[in-house]
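Residue numbers (the working numbering), protein chains in the order written: chain A, 133 to 431; chain B, 133 to 431.
Number of protein chains: 2
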Amino acid sequence: MKSKVPLLGIITNYIYRRKGKQLRPLLVFLTAGMTGSINPSTYIAAGMIELLHTATLIHDDVVDEAYERRGSYSINALWRSKVAVLVGDFLLSKGLLLAIESEEYELLRNMSEAVREMSEGELIQIERSRRIDTDEPTYFDIIRKKTAALISSCTVNGAISAGAPAEDISRVKEIGLNLGMSFQIKDDLFDYQSKGILGKPIGNDVKEKKLTLPLIHALEQTNGTTRHHILKQVRRSRNNADALREVIDFVHASGGIEYAHRKMMEYKENAIDTLKSFPDNEYKKSLLQLADYIVERNH
Amino acid sequence: MKSKVPLLGIITNYIYRRKGKQLRPLLVFLTAGMTGSINPSTYIAAGMIELLHTATLIHDDVVDEAYERRGSYSINALWRSKVAVLVGDFLLSKGLLLAIESEEYELLRNMSEAVREMSEGELIQIERSRRIDTDEPTYFDIIRKKTAALISSCTVNGAISAGAPAEDISRVKEIGLNLGMSFQIKDDLFDYQSKGILGKPIGNDVKEKKLTLPLIHALEQTNGTTRHHILKQVRRSRNNADALREVIDFVHASGGIEYAHRKMMEYKENAIDTLKSFPDNEYKKSLLQLADYIVERNH
Chain A
133 MKSKVPLLGI ITNYIYRRKG KQLRPLLVFL TAGMTGSINP STYIAAGMIE
183 LLHTATLIHD DVVDEAYERR GSYSINALWR SKVAVLVGDF LLSKGLLLAI
233 ESEEYELLRN MSEAVREMSE GELIQIERSR RIDTDEPTYF DIIRKKTAAL
283 ISSCTVNGAI SAGAPAEDIS RVKEIGLNLG MSFQIKDDLF DYQSKGILGK
333 PIGNDVKEKK LTLPLIHALE QTNGTTRHHI LKQVRRSRNN ADALREVIDF
383 VHASGGIEYA HRKMMEYKEN AIDTLKSFPD NEYKKSLLQL ADYIVERNH
Chain B
133 MKSKVPLLGI ITNYIYRRKG KQLRPLLVFL TAGMTGSINP STYIAAGMIE
183 LLHTATLIHD DVVDEAYERR GSYSINALWR SKVAVLVGDF LLSKGLLLAI
233 ESEEYELLRN MSEAVREMSE GELIQIERSR RIDTDEPTYF DIIRKKTAAL
283 ISSCTVNGAI SAGAPAEDIS RVKEIGLNLG MSFQIKDDLF DYQSKGILGK
333 PIGNDVKEKK LTLPLIHALE QTNGTTRHHI LKQVRRSRNN ADALREVIDF
383 VHASGGIEYA HRKMMEYKEN AIDTLKSFPD NEYKKSLLQL ADYIVERNH
């Protein structure tokens with residue numbers, strides 16, 4: 133992340149000291165270790181994804197006018213949002229150059245396709261939230277694109293970097309997709325049952341009219357009159373705490389939490405089943421633990 | 133720019149119908165024609181740069197909260213800024229995929245390096261504007277990075293796509309850099325002498341404490357007391373129309389406009405001199421005309 137521009141040095145240093153879970157590079161390293169051996173290409177793949185992911189988070193915070201990130205101030209809270217966007221662009225181009233300069237074109241292609249799918253997934257979600265009509269198949273399509281595609285490009289790039297055979301690559305792709313799906317369902321559950329000091333405030337998705345699995349399922353369990361009433365409360369929830377409370381209580385009472393939890397566990401179990409088809413080693417063991425962490429984490 | 137997401141189709145269609153001067157792809161095609169022949173790689177290079185450039189403009193408008201672009205509404209004026217950022221990301225990844233899928237890695241490397249330089253240049257400018265101490269060498273360094281690097285990657289990629297020899301590539305790089313410098317000085321002159329219906333409002337750079345060549349030169353012509361007073365007026369100009377007027381009048385009275393105009397013409401002449409070293413053909417003739425257009429345009 134080095135640069136001769138002093139301001140960039142200060143900001144990238146700030147970012148570095150507040151790095152997150154680093155789940156994505158971790159997946160790259162562990163998959164490479166499980167399917168072959170970790171080598172310089174693995175470092176390129178892991179670095180590229182973390183630079184890209186960090187760039188995305190910085191841009192997200194600008195657009196959402198979010199002033200907190202990872203329990204600390206966001207870049208746009210401390211510097212002007214113009215600066216935050218430019219730092220994001222800088223990290224993004226650094227990530228690209230990392231792959232281009234080491235001629236890792238296959239890694240780059242996978243990552244760029246995941247970025248395209250990500251932006252498409254987010255746009256479908258926004259389009260649907262305007263009409264408040266997301267159904268279950270659409271929800272799964274959205275989260276596959278916006279979250280699972282990038283996580284699956286981590287496991288795929290890990291295996292590619294390790295020189296794994298095509299058959300292994302298609303299996304780790306499945307693992308990444310399933311882990312990504314359970315990761316996003318877990319994130320969406322937080323909106324209905326936040327806990328701990330790092331927990332996000334509850335109900336943000338509802339206020340943005342973003343229908344996620346717990347609410348979608350709850351709505352599918354009910355009759356036309358109740359459905360109509362709850363959707364009206366969703367629309368009012370941004371400025372009305374009672375309406376928001378009613379929607380959240382409805383989701384809990386109609387089994388939305390249990391259903392989403394069950395689906396999340398199904399995806400996790402799919403990932404674990406495919407993981408089990410690989411020969412035992414320390415990396416596989418860590419990946420199995422990581423799958424549990426994804427569904428059990430508190431933030 | 134095609135996508136299966138309906139909202140994306142509507143927005144990319146809107147962008148397509150309001151395309152701008154398309155100066156960058158034009159430079160790619162003309163340079164390819166002058167140094168060899170236009171071929172499928174040239175189309176990739178031209179498409180990639182225009183997708184990238186459009187993505188940058190959309191992101192710029194979000195950050196600047198600009199509601200007009202090319203005499204029409206900006207994307208973030210019509211859709212939510214979250215949507216505008218995502219459409220920018222989509223176009224950016226499409227541009228990358230265009231190069232990756234056709235294995236045009238050399239074109240991609242040039243472009244990514246230009247993007248990195250661009251973000252660095254903009255960040256230096258922001259850093260300097262906070263201290264209001266940009267001098268002439270720093271100014272030229274900033275505009276070389278933030279504007280000329282990308283324009284020079286157009287001429288370089290045009291020549292690379294045409295299979296031009298290394299010696300030609302280094303000459304078209306010089307041409308691109310010099311055209312880019314004169315292009316940016318022209319843009320900076322608009323801030324002091326806007327005209328026509330498409331003209332941007334005057335004095336925006338001053339209000340943002342962005343010192344450009346006309347003001348930098350004017351300040352260098354004066355004594356400490358006047359300099360101190362003018363810098364005070366620059367700081368006040370955002371909320372004080374009289375202070376702004378005084379700064380602009382000072383620039384005009386101290387020969388700042390003439391000096392910047394002279395420098396712009398020097399860069400243009402450098403570009404033309406190098407252009408003349410190429411054998412005559414219709415593409416070279418068009419590039420000579422384009423050089424004149426860059427310094428004579430009214431928007």
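Heads up, the beta-carbon is just placed ideally off N, CA and C, and yes, glycines get one too.
Query: Would you list, in sequence order, the uninterrupted alpha helix (DSSP H) runs of no fewer than 4 residues that lie entirely inside the stretch 161–206 of chain B?; Result: 172–195
Query: Quick one: what does DSSP say Thr-344 of chain B is sitting in, helix, strand or coil?; Result: coil
Query: Would you call Glu-249 of chain B buried or exposed, if buried means 16 or more other Cβ atoms sit within 10 Å of its Cβ?; Result: buried
Query: Please identify, using Cβ separations under 9 Å, the residues of the stretch 181–208 of chain A that lie next to chain B, in order along the chain.; Result: Thr-188, His-191, Asp-192, Val-194, Val-195, Asp-196
Query: So, helix, strand or coil for Ser-225 of chain A, using DSSP?; Result: helix
Query: Could you tell me which of A:Pro-297, A:Val-160, A:Asn-402, A:Met-166 sits nearest to Phe-432 of chain A, measuring between CA atoms?; Result: In this structure chain A extends from 133 to 431, so residue 432 of chain A is not present and cannot be described.
Query: Where do the ends of the alpha helix (DSSP H) carrying Ala-281 of chain B lie?; Result: 281–293
Query: Report the three-state DSSP secondary structure of Thr-357 of chain B (helix, strand or coil).; Result: helix
Query: Apart from the five residues on each side of it in sequence, which residues of its chain come closer than 7 Å, Cβ to Cβ, to Ile-307 of chain B?; Result: Thr-287, Ala-403, Thr-406, Leu-407
Query: Could one say the Cβ of Phe-222 of chain A lies closer than 8 Å to chain B's Cβ atoms, at least one of them?; Result: yes
Query: Are any of the Cβ atoms in chain A nearer than 8 Å to that of Ile-147 of chain B?; Result: no
Query: Got a sec? Which residues, its chain only, sit under 6 Å from Gln-257 of chain B by beta carbon, not counting five neighbours each side?; Result: Ile-274
Query: So, are the CB atoms of Ser-386 of chain A and Gln-365 of chain A less than 8 Å apart?; Result: no
Query: Cutting at 8 Å between CB atoms, please list the residues of its own chain near Asp-424 of chain A, excluding the five before and the five after it.; Result: Lys-400
Query: Whose C-beta lies closer than 8 Å to the C-beta of Asn-413 of chain A among residues of the same chain, with five residues either side of it excluded?; Result: Gly-165, Met-166
Query: Need the endpoints of the alpha helix (DSSP H) that Ile-334 of chain A sits in, please.; Result: Element bounds for Ile-334 of chain A: n/a, residue is neither H nor E.
Query: When we look at the beta-carbon of Ala-173 of chain A and count the other beta-carbons within 10 Å, is it buried (16 or more) or exposed?; Result: According to the sequence as given, residue 173 of chain A is Ser; it is not Ala. Looking at its Cβ environment, which holds 16 or more other Cβ atoms inside 10 Å, Ser-173 of chain A is buried.
Query: Within its chain, find whatever has a CB closer than 6 Å to the CB of Asp-265 of chain B; leave out the 5 residues flanking it on each side and keep chain order.; Result: none
Query: Can you tell me the Cα-Cα spacing of Asn-336 of chain A and Asp-323 of chain A, whole angstroms?; Result: 6 Å
Query: Would you mind giving the Cβ-Cβ distance between Leu-224 of chain A and Ala-187 of chain A, rounded to the nearest angstrom? I have them listed as a contact below 8 Å.; Result: 4 Å
Query: With Thr-406 of chain A as the anchor, note down where its alpha helix (DSSP H) starts and where it stops.; Result: 388–408
Query: Cβ atoms of Glu-254 of chain A and Leu-218 of chain B: under 8 Å apart, would you say?; Result: yes
Query: With DSSP run on the structure shown, which of helix, strand or coil describes Asn-243 of chain B?; Result: Looking at the sequence shown, residue 243 of chain B is not Asn but Met. Met-243 of chain B falls in the helix class under three-state DSSP.
Query: Is the beta carbon of His-349 of chain A closer than 8 Å to that of Gly-388 of chain A?; Result: yes
Query: Once the 5 residues before and after Tyr-199 of chain B are set aside, which same chain residues still bring their CB inside 6 Å of it?; Result: Ser-206, Ala-209
Query: Between which two residues does the alpha helix (DSSP H) containing Arg-150 of chain A stretch?; Result: Here Arg-150 of chain A belongs to no alpha helix (DSSP H), and DSSP marks it neither H nor E.
Query: For Arg-212 of chain A, which three-state DSSP category applies?; Result: coil
Query: Could you spell out the range, first to last residue, of the alpha helix (DSSP H) harbouring Ala-296 of chain B?; Result: No alpha helix (DSSP H) holds Ala-296 of chain B; DSSP gives it neither H nor E.
Query: Which residues, taken in chain order from the stretch 254–279 of chain B, show a beta carbon closer than 7 Å to some beta carbon of chain A?; Result: Glu-254, Leu-255, Ile-256, Ile-258, Glu-259
Query: Along chain A, which residues have their Cβ under 8 Å away from the Cβ of Arg-241 of chain B?; Result: Leu-229, Ile-232, Glu-233
Query: Pick out whichever of A:Arg-429, A:Gly-152, A:Gln-154 has its Cα sitting closest to the Cα of Ile-317 of chain A.; Result: A:Arg-429
Query: Under 6 Å Cβ to Cβ from Lys-305 of chain A, same chain only, skipping five residues before and after it: list those, please.; Result: Ser-284, Val-288
Query: From Leu-343 of chain B to Ser-261 of chain B, what distance separates their C-alpha atoms?; Result: 7 Å
Query: What three-state label does DSSP hand Val-316 of chain B in the structure shown?; Result: According to the sequence provided, residue 316 of chain B is Gln. The question's Val does not apply to it. Gln-316 of chain B falls in the helix class under three-state DSSP.
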